[in-house]
Amino acid sequence: MTEISVANLDYKEYNRSADDMLSAVDKKIFFEGKVNKKYYQKIVLFRKYTLVNGGSCSDIKNIVSNDKDKKFYGVIDGDFENKDLARIYQIDFYSIENIVLLYHVTLAPYLKILISDLKNYYQKEKSIRHRLIQNINCTGHFVFKKDLEINSQFHEYIDFKIFDETTFLKYMDLKNIVSSYMMFLKQNSTIPKECRKAAKNYITSCDVISITDLFSNSELQRVQQEL
3 MTEISVANLD
13 YKEYNRSADD
23 MLSAVDKKIF
33 FEGKVNKKYY
43 QKIVLFRKYT
53 LVNGGSCSDI
63 KNIVSNDKDK
73 KFYGVIDGDF
83 ENKDLARIYQ
93 IDFYSIENIV
103 LLYHVTLAPY
113 LKILISDLKN
123 YYQKEKSIRH
133 RLIQNINCTG
143 HFVFKKDLEI
153 NSQFHEYIDF
163 KIFDETTFLK
173 YMDLKNIVSS
183 YMMFLKQNST
193 IPKECRKAAK
203 NYITSCDVIS
213 ITDLFSNSEL
223 QRVQQEL
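When we follow our numbering, the leftmost residue of the sequence shown carries the number 3, and every step to the right adds one.
Quick look at the structure:
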């Protein structure tokens, strides 16, 4: 058995490590959404902190901005704008549904179909101005259609941010489409039970991505410096 002598301890390093551990425990990270925390808690960087489902983006803004001790942090969706907010970090996707669309391994064979349809839609559109919803008039297979036009205040951002198929899949508002498609898969008795179960809990069952994929380079630098 190896014996550790207190005489050999580096007290400065020990105290520094202890302070880091205590400060990490004191910090809380609020994640946008009702269940998104269950996905983000699988990412190593976040595990040492207290993680909380923070509700809406505006809820998280209020919680973090009113924290006088500066121990509260937030992780929010990318949406259609860049938000430069203290201790709040945006993911490099429109929402977590875009992550599911691109990174869910169990459902990948079915998501490839949706991805192909979305790419075809992008190629045919001269400009991206409308959100997409499921066409419920088509039974037996999944079809989407244009919904309401996106507010004109976001058009300039969309034109800058979305310039090919890849950026369309990452930065377009596809929340409704992905969630509707998951409902479609969940109710499809022809696909394996394992896949139907994964579709039911599509956020928590999605494979974890690396922290470098989750955030842009500039946002990741902020996260690593401030957390």
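We put the CB at the ideal spot given by N, CA and C, even for glycine.
Computed from a prediction, not measured in an experiment: that's the story for all the values here.
- Here the alpha carbon of Lys39 sits roughly 14 Å from the alpha carbon of Ile211.
- The region 83-97 makes contact with the region 163-177; the number of CB pairs closer than 8 Å reaches 3 or more.
- A buried status is given to Ser207, since no fewer than 16 other beta-carbon atoms sit within 10 Å of its beta-carbon.
- In this structure, the CA atom of Lys114 is about 15 Å from the CA atom of His143.
- Residues Ile130 of the same chain have their beta carbon placed closer than 6 Å to that of Ile160, with the five preceding and five following residues left out of the count.
- Contact between Arg133 and Ile117 does not hold, since their C-beta atoms are separated by about 17 Å, which reaches or exceeds 8 Å.
- Where Val180 is concerned, the enclosing alpha helix (DSSP H) starts and stops at 177-188.
- DSSP places Thr169 inside the alpha helix (DSSP H), whose first and last residues are 167-173.
- Our two residues, Asn139 and Leu47, have alpha carbons roughly 44 Å apart in a direct line.
- Excluding residues up to 5 positions away in sequence, Tyr91 lie with their Cβ nearer than 8 Å to the Cβ of Arg224 in the same chain.
- Per DSSP, reduced to three states, the secondary structure at Val37 is coil, with no helix or strand assignment.
- Between the alpha carbons of Glu196 and Gln189 lies a gap of roughly 12 Å.
- By the criterion of a C-beta distance shorter than 6 Å, Lys172 is surrounded in its chain by Phe95, Asn100, once the five residues flanking it on both sides are discounted.
- Counting other Cβ atoms within 10 Å of its Cβ, Phe162 stays below 16 and is therefore classed as exposed.
- The three-state reading of DSSP puts Asn55 in strand, counting E and B together.
- Cα atoms of Phe156 and Thr108: separation of roughly 34 Å, rounded to the nearest angstrom.
- Nearest neighbour of Gln43 by Cα position, chosen from Ile213, Lys202, Cys59, turns out to be Ile213.
- Of the candidates Asp71, Val77, Leu229, Ser60, Val77 places its Cα closest to the Cα of Phe32.
- With a beta-carbon spacing of about 7 Å, Tyr112 and Ile193 fall inside the 8 Å limit used to define contacts.
- Asn55 and Val37 do touch by the CB rule: their CB atoms are close to 7 Å apart, below 8 Å.
- Counting along the chain, no alpha helix (DSSP H) covers Glu151; the unbroken beta strand (DSSP E) around it starts and ends at 146-151.
- Taken through DSSP and simplified to helix, strand or coil, Phe74 comes out as strand.
- Per DSSP, Leu134 is one residue of the beta strand (DSSP E) stretching across 132-136.
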